[in-house]
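Here the structure is laid out as C-alpha cells; the discussion comes afterwards.
2 protein chains.
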Amino acid sequence: MSRDTRTRILVASLLLFNENGEPNTTTNDIADEVDISPGNLHYHFRKKSDLVDALLLEFQADAKRVLQPPESSQASLDDFWVFLHHLLELTASYRFLLRDMESLVVDYAKLGNALKHFARGLVASFELYLHALAAGGQIGLDSRDMRIVSRNLAVIALFSEKFDSLVDSSSTVDDSALRIAAAVLNVLRPYVTEEHSGHLAELATYYAA
Amino acid sequence: MSRDTRTRILVASLLLFNENGEPNTTTNDIADEVDISPGNLHYHFRKKSDLVDALLLEFQADAKRVLQPPESSQASLDDFWVFLHHLLELTASYRFLLRDMESLVVDYAKLGNALKHFARGLVASFELYLHALAAGGQIGLDSRDMRIVSRNLAVIALFSEKFDSLVDSSSTVDDSALRIAAAVLNVLRPYVTEEHSGHLAELATYYAA
C-alpha cells in the first residue's frame, strides 16, 4: 500500500514538474494531485528536493537503458529508429530536467553531474550507432566525421524542445517530439546509401505531422 | 565625459555578466571593475535591471545587423562564412543571455520576446542563405528541406555553447566558437557541390583547432 502511494506521488510530481516547471510546483500541489494529505506526502518525502532526487535516480536508470550500444556491430535504420524512439520518450518524460536545467542545477548539485553524463552518453551512443549503420551498409560516412555528426545529433536531441518553446510558446510536447525526430533523421539523410534512402524517407513520414 | 562613463559601465557589465553570470554579478562588482564609486554607477543606472535592459537593446541592434539577408540572390561559401563569423561573434559577446536564458526570462520580461525574435530571425537568415547558396550553385539541397536544415543550424548555433559548458565545464569560449563553426560547416558539407567541396574543407580548417 505504502509502496503504491510512493509511486503515485512520483508519477504526479513528474507530471506537474513537466507541465508547470519544478519551481512553480509545491508539495501541496502534488498532495492535491495524488489526493492525499500534505502530512501523508511528508511521510514519504520530507522535502521537495527529495522528490527531485528520486526522479533523478529514475531518470538515470531509464537513461542507462536507452543509451545501450547497438546489439550488434551492424545496425539497420530500423534499429536506429527504435533507439531514437526510446530516446524521445525519455527526453519528453523528463522534460522538466532538460528545459530548466540552469535553474535546477543551482539547487540540485547532483543534477549537473547527471546531465553531464547523460549528454556525454548521448554523443557516445549516437557515435556507436553511426559506426554500426556504416558497418551495416546503411550510411556512408567517414569515421573521422562521426564524432562531429554525433555531437550535432546530441545538441539537436537535447535542445530542440527548448528551441521550440523559445520560438513558439504554444508548441506542444507531441509537436516537439515529431520535430525532433524529423530533425534527427534529416541530419542522417545525406549519408544514407542509395539503396536505403527510400526506407529512411518512409521512417520520416511517421513524423511528418 | 559622462557618455564615456556610461559606455565603460556597459562594457564592464557585459564582461562580468558573461564571465560570472548575471545573477552572480552585483552593481558593486561593476563599479569596482570600472573603478568608479557605487554612487556614480547609480547616477547612470539606477538598478541592475537597467543595465540588462541597456545591454539587451545593444544585443538587438547588433543582431539586426548580423541577421541581414544575403546581399544578392546568389551567395558564395565565403559570404556564408562571413555571416557565420559575425553570428559567432555576436553569440559569444552576449553569451550570458543565451546561457542563462531561463533564469533571465523570469526576471526580465522583454528578454523572452527578444530571444524569440532572434531565434526566429536566425532560422530565417539560415534559410535565405541556403536558398542563395543553392542559387549560386554552391550547394544542392531541395528547397522543401531548407527549413528543417535551417532549424537544425539555428539549434546548433544557439545551444552549442550551452552543450559544451554542460559536458565540459572547463571549455573556453574560444574552444566553443571553433566547435560551433565546425559543427555548422559540417551540417552543410554533404550538400556542397563537388566543385566547391574543396573550398568548404579549406574554410573548415580555420576552425580545426
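Just so you know, the sequences run in chain order C and R. Under our numbering, the residues of the first sequence are numbered 284 to 492, in order. Under our numbering, the residues of the second sequence are numbered 284 to 492, in order. Glycine included, each C-beta is placed from N, C-alpha and C at the ideal position. Computed from a predicted model, the values in this text were never measured in an experiment.
Using three-state DSSP, classify R:I439 as helix, strand or coil. helix
With a threshold of 7 angstroms between beta carbons, is R:S459 in contact with chain C? no
Can a CB atom of chain R be found closer than 7 angstroms to the CB of C:A492? Residue confidence for C:A492 is low, a pLDDT of 49 falling below 50, so the modelled location carries little weight; the figure read from the coordinates is stated next. So no, C:A492 is outside the interface.
Do you know offhand how far R:L373's Cα is from C:Y326's? Note on geometry: alpha-carbon atoms of R:L373 and C:Y326 lie some 51 angstroms from one another.
Proximal chain B residues relative to C:E385, where beta-carbon distance stays under 7 angstroms: In the structure shown, chain B does not exist; the protein chains are C and R.
Residues in the same chain with beta-carbon distance under 6 angstroms from R:F300, minus the five sequence neighbours each way, listed in chain order, please. Scanning its chain for C-beta atoms nearer than 6 angstroms, with the 5 sequence neighbours on each side dropped, one finds around R:F300 the residues T308 and F379, in chain order.
Could you tell me whether the Cβ of R:N469 comes closer than 7 angstroms to any Cβ of chain C? yes
Helix, strand or coil, according to DSSP, for R:I422 in the structure here? strand
Does any C-beta atom of chain C lie closer than 7 angstroms to the C-beta of R:K347? Chain C contact via Cβ: absent.
Among the candidates R:A344, R:A465 and R:S359, whose CA atom is the shortest distance from the CA of R:G420? R:S359
Taking the straight line between their C-alpha atoms, what separation do you get for R:L424 and R:E478? 15 angstroms
Would you call the segment 287-298 of chain R and the segment 461-477 of chain C in contact, with 3 or more CB pairs under 8 angstroms? no
At which residues does the alpha helix (DSSP H) containing R:A465 begin and terminate? V456 to L471
Boundaries of the alpha helix (DSSP H) in which C:N311 is found, first to last residue: T310 to V317
Contacting residues, own chain, Cβ-Cβ under 6 angstroms from C:P352 (five flanking each side not counted): L411
Please classify R:L324 as buried or exposed, where buried requires at least 16 other C-beta atoms within 10 Å of its C-beta. Looking at its Cβ environment, which holds 16 or more other Cβ atoms inside 10 Å, R:L324 is buried.
R:K399 CB to nearest chain C CB: under 7 angstroms? yes
Since R:N469 and C:V438 are thought to touch, with beta carbons under 8 angstroms apart, how far apart are those beta carbons, to the nearest angstrom? The Cβ separation is near 12 angstroms, so there is no contact.
I need the boundaries of the alpha helix (DSSP H) containing C:S386, first residue and last residue. M384 to D390
Integer Cβ distance of C:E441 from R:F446, believed to fall under 8 angstroms: One point to set straight first is that residue 441 of chain C is Leu, not Glu, in the sequence displayed. Correct: roughly 7 angstroms between the Cβ atoms.
Spell out whether any CB of chain C is found under 7 angstroms from the CB atom of R:A417. no
Taking C-beta to C-beta, are R:L436 and R:V388 nearer than 7 angstroms? no
Strictly below 8 angstroms CB to CB, what residues from chain C border R:F446? A402, R434, A437, V438, L441 and F442, listed in chain order.
Got a sec: is the Cβ-Cβ distance from R:L449 to anything in chain C below 7 angstroms? yes
At what residues does the alpha helix (DSSP H) containing C:T488 begin and finish? E477 to T488
Report the three-state DSSP secondary structure of R:Q343 (helix, strand or coil). helix
Residue range of the alpha helix (DSSP H) that includes R:G322: P321 to H327
What residues from chain C crowd round R:I422, counting only those whose CB sits closer than 9 angstroms? Correct list: empty, because the minimum Cβ distance to chain C is about 11 angstroms.
Is it the case that the Cβ atoms of C:A418 and C:S356 are separated by a distance below 7 angstroms? It is a contact, given that the beta carbons lie within the stated cut-off.
Suppose the cutoff is 6 angstroms on Cβ atoms and the five residues either side in sequence are ignored; what does the same chain contact list for R:F401 look like? A346
Ignore the nearest five residues each way along the sequence and tell me which others in R:W364's own chain have a CB closer than 6 angstroms to its CB. In chain order, L486 place their CB closer than 6 angstroms to the CB of R:W364, counting only its own chain and leaving out the 5 sequence neighbours on each side.
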